[in-house]
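Protein chains in written order, with the numbering used here: chain A, 59 to 737; chain B, 5 to 196.
For glycine and all other residues, C-beta sits at the position ideal for the given N, C-alpha and C.
Predicted model, so just to flag it, every value in this text is computed and none were measured.
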């Protein structure tokens with residue numbers, strides 16, 4: 059529906075808001091003049107040009123470019139304006155062409171806001187002219203029309219403007235050219251457009267973050283770079299630091315002359331580049347690197363598993379999703395197998411019952427044969443189900459074999475080499491591994507149990523002797539010691555995966571019975587204070603944490619997070635309570651329950667090491683507390699259910715391998731990082 | 005390519021190239037019949053629900069419907085409840101995905117049903133169809149249109165059942181009455 063205009067032809071405009079697109083082969087200046095009903099421009103303030111790009115109802119580009127988009131709102135123009143002339147000019151003094159005869163014929167199109175062309179015009183027949191009025195939008199009996207003009211001026215902008223009755227035409231033409239030349243100089247100083255190589259270096263950084271959670275402590279790490287907000291004007295060459303692999307800003311390349319589309323969009327005063335709406339602190343401005351995809355499978359064989367073969371914005375998120383995907387697949391595969399076996403058994407029982415109740419079967423071998431047949435049917439079905447299960451387990455095991463070594467420390471077991479190369483991380487991971495999960499069908503295949511950080515529930519390490527699963531009935535003292543060791547291992551893990559200064563651990567050990575278990579934490583000095591002993595110590599720690607919860611809650615509700623006292627530790631807090639409720643009076647128990655309820659939302663978490671029997675005196679009063687905590691055991695125990703089918707899974711806590719120095723090694727580094735952070 | 009099925013017709017789900025299907029989608033689409041007269045904009049919304057019942061030797065083992073979107077074994081998945089229909093204007097409003105390779109070995113029949121949860125009869129439903137799509141390439145294998153809506157609130161659409169090493173689909177198209185699949189169990193059993 060585009061009207062292709064010839065010189066002098068006009069066309070009605072039904073819309074008031076328009077865009078005028080200009081394209082020429084070389085950078086040119088685009089402008090517009092507003093005229094009254096006599097065709098006279100009243101002053102410089104009636105000319106939209108790169109030095110003064112915005113007028114009511116009309117906006118032009120700030121710079122010379124090969125392509126322009128001028129915005130026009132006819133309703134917003136002053137009442138006295140009856141004509142808008144769209145003009146193009148060649149910039150002088152920049153070494154470019156000086157006559158339109160030397161460039162491709164400029165093309166202009168009037169389009170609606172949706173991009174649909176209303177009218178277009180190719181300005182042909184120009185020769186020595188260096189300025190041209192291409193279009194006129196004019197008011198005729200309260201309706202607007204567009205006319206193709208194509209009037210060129212060999213004397214350039216000055217002659218053009220003078221022809222429209224502007225007295226200061228010469229000065230204005232000079233200042234327009236000056237603004238254009240400055241704009242061109244500015245745009246040369248911009249960093250070059252981001253190259254494909256730059257993209258690759260950014261992408262390469264992301265998986266590295268996933269594999270080595272510690273990242274880099276140097277400020278030059280790609281994901282820690284503060285974005286550059288622009289660039290010095292007038293600089294003659296490209297900014298050297300902005301090359302590929304350097305500290306790349308998240309901003310798209312600013313206006314370089316060879317990137318005309320960026321030039322025409324230039325916005326606010328003083329800014330050389332286009333406005334960027336991406337959040338400067340958010341890394342995900344660029345699309346995530348494509349996940350590693352499994353190579354195509356050979357026909358008839360399942361695809362080769364690959365670590366990180368799941369959706370996510372980072373390698374860490376993809377591994378997290380992959381682990382949860384394996385968890386679900388294992389749950390469902392086991393469900394299919396169990397369902398088939400259950401069915402086979404119930405069918406066999408029915409058939410055996412039928413044989414039994416049939417009097418004919420009591421004579422001769424008929425009954426035996428029927429029984430045999432029923433058993434054979436059962437065996438056949440179970441056998442087929444087992445084959446499917448084995449096939450699926452083999453696939454999941456192969457996947458686990460590639461996923462486990464790729465896990466970052468927060469997702470990895472203590473025996474994973476990732477912990478030996480441990481460095482204090484710069485970012486909080488999305489989840490933490492608290493142990494392994496497996497089903498009776500899959501004793502060899504365990505799924506990492508990942509919980510999201512920050513913790514949404516407190517943890518309860520059960521030191522009671524009720525849940526000894528693997529038959530090795532440890533005596534109660536042994537269990538208590540194991541429970542505290544497990545608690546220390548979990549706490550060390552939490553400390554290690556948080557950046558320095560973002561996680562504090564308090565310990566209440568009222569009876570002082572866990573001194574040896576706490577030794578790794580105490581000796582390295584990673585605790586916020588020495589373990590609290592006695593009733594006074596219990597009350598002191600609880601009072602401080604309760605006050606912190608109150609203050610932060612008040613600040614959040616009042617919207618005044620800035621006015622928290624400066625001595626308040628902004629880190630997340632973990633309170634380990636050994637032998638609860640030993641050393642607790644009623645008031646302390648109430649406070650602890652308050653922390654369990656209100657703490658997680660404001661960064662105060664609980665880790666109770668307790669035997670529920672010890673708290674039996676409180677009766678059902680503490681039941682809500684126990685329910686609110688995630689129960690973990692120091693020995694393998696089947697008390698966790700998956701969210702899909704509800705199988706009972708055996709939980710195996712992540713324990714430090716015996717004789718391993720990894721805990722000491724990690725905590726030493728955490729302590730060093732805390733010291734340098736506090737300084 | 006698609007086969008327009010008639011009631012009781014059975015088609016085999018073998019691919020043309022001899023391979024068997026691995027994943028199929030049972031799609032259900034419908035639109036509320038337009039009401040005549042004043043206040044036409046006040047169309048009454050019709051909530052049809054698609055369900056799939058998994059049978060092992062004529063015993064129901066598992067069911068996939070809007071309150072249990074994935075069968076325990078993960079082989080049958082409902083894409084979610086659509087309360088009003090007609091959104092796709094010819095596309096599927098509710099769909100149930102069946103990963104045939106993962107269906108547990110003892111499941112030998114999967115019956116697909118449609119119920120009117122809001123209680124309207126099929127007289128008020130327009131252009132209701134159920135179709136079976138090869139999920140691997142989006143090709144429609146079979147389509148069954150609910151002809152002549154009558155005074156009933158449910159329909160047993162089709163069943164997919166094992167035949168030899170592969171699977172077969174049979175269009176059932178039996179009217180019944182009920183709000184959810186549970187009410188249909190007596191009507192389903194004769195078709196197993």
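Inter-residue Cα distance where the pair is residue i and residue j
i	j	result
residue 265(A)	residue 378(A)	With a pLDDT of 33 at residue 265(A), under the threshold of 50, the predicted position of this residue should be treated as unreliable, and no value is reported.
residue 17(B)	residue 32(B)	19 angstroms
residue 581(A)	residue 648(A)	32 angstroms
residue 97(A)	residue 620(A)	60 angstroms
residue 634(A)	residue 545(A)	8 angstroms
residue 138(B)	residue 457(A)	28 angstroms
residue 500(A)	residue 645(A)	47 angstroms
residue 283(A)	residue 482(A)	Interpretation of residue 283(A) is limited by its pLDDT of 30, a score under 50 that renders its predicted location unreliable; no figure is taken from the coordinates.
residue 432(A)	residue 409(A)	6 angstroms
residue 95(A)	residue 197(A)	9 angstroms
residue 730(A)	residue 559(A)	11 angstroms
residue 183(A)	residue 172(A)	31 angstroms
residue 480(A)	residue 149(A)	60 angstroms
residue 468(A)	residue 382(A)	15 angstroms
residue 105(A)	residue 113(A)	8 angstroms
residue 53(B)	residue 68(B)	11 angstroms
residue 165(B)	residue 116(B)	11 angstroms
residue 127(B)	residue 154(B)	5 angstroms
residue 436(A)	residue 411(A)	14 angstroms
residue 710(A)	residue 681(A)	24 angstroms
residue 239(A)	residue 79(A)	22 angstroms
residue 324(A)	residue 72(A)	Confidence is the limiting factor: at residue 324(A) the pLDDT is only 36, short of 50, which leaves the residue's position unreliable and the question unanswerable from this model.
residue 740(A)	residue 685(A)	This structure leaves residue 740(A) out entirely; chain A is present only between 59 and 737.
Residue j beta carbon less than 8 angstroms from that of residue i
i	j	result
residue 100(A)	residue 89(A)	no
residue 428(A)	residue 413(A)	yes
residue 575(A)	residue 637(A)	no
residue 590(A)	residue 599(A)	yes
residue 161(B)	residue 176(B)	yes
residue 387(A)	residue 454(A)	yes
residue 610(A)	residue 660(A)	yes
residue 385(A)	residue 717(A)	no
residue 93(A)	residue 226(A)	no
residue 75(B)	residue 185(B)	no
residue 714(A)	residue 721(A)	yes
residue 466(A)	residue 487(A)	yes
residue 562(A)	residue 627(A)	yes
residue 450(A)	residue 369(A)	no
The beta strand (DSSP E) enclosing residue i, as first and last residue numbers
i	result
residue 81(A)	75-93
residue 652(A)	Run containing residue 652(A): none in the beta strand (DSSP E); it sits in the alpha helix (DSSP H), 644-656.
residue 494(A)	489-496
residue 174(B)	170-180
residue 196(A)	189-198
residue 163(B)	158-167
residue 125(A)	123-131
residue 636(A)	630-638
Continuous alpha helix (DSSP H) stretch holding residue i: start and end
i	result
residue 582(A)	573-582
residue 453(A)	424-464
residue 106(B)	First-last for residue 106(B): undefined, no H or E at that position.
residue 546(A)	534-555
residue 606(A)	592-615
residue 736(A)	720-736
residue 713(A)	Where residue 713(A) is concerned, there is no enclosing alpha helix (DSSP H), given that its DSSP letter is neither H nor E.
residue 214(A)	214-221
residue 192(B)	185-192
Near the ligand SAM: residue i beta-carbon under 7 angstroms from a heavy atom
i	result
residue 690(A)	Inclusion of the ligand SAM in the displayed structure is not the case, the ligand content being empty and no account of it being possible.
Inset, instruction - Return the chain-ordered ranges of every alpha helix (DSSP H) run that is complete within the stretch 377-406 of chain A and spans a minimum of 4 residues. - result: none
Inset, instruction - Note down, in chain order, all residues in the stretch 399-410 of chain A with a beta-carbon under 7 angstroms from any beta-carbon belonging to chain B. - result: 401, 402, 405
Legend entry - the stretch 72-85 of chain B: positions lying closer than 8 angstroms to chain A by Cβ: 74, 76, 77, 78, 79
Inset, instruction - Compile a chain-ordered list of the residues in the stretch 92-116 of chain B whose CB is closer than 9 angstroms to at least one CB of chain A. - result: 106, 107, 108, 109, 110, 111
Legend entry - Contiguous alpha helix (DSSP H) assignments of at least 4 residues, all confined to the stretch 652-705 of chain A: 681-686
Inset, instruction - Identify each residue in the stretch 47-63 of chain B for which the Cβ-Cβ distance to at least one residue of chain A is less than 8 angstroms, and report them in chain order. - result: 60, 61, 63
Inset, instruction - Select from the stretch 431-450 of chain A all residues with a C-beta closer than 7 angstroms to any C-beta belonging to chain B, and list them in chain order. - result: 439, 442, 443, 446
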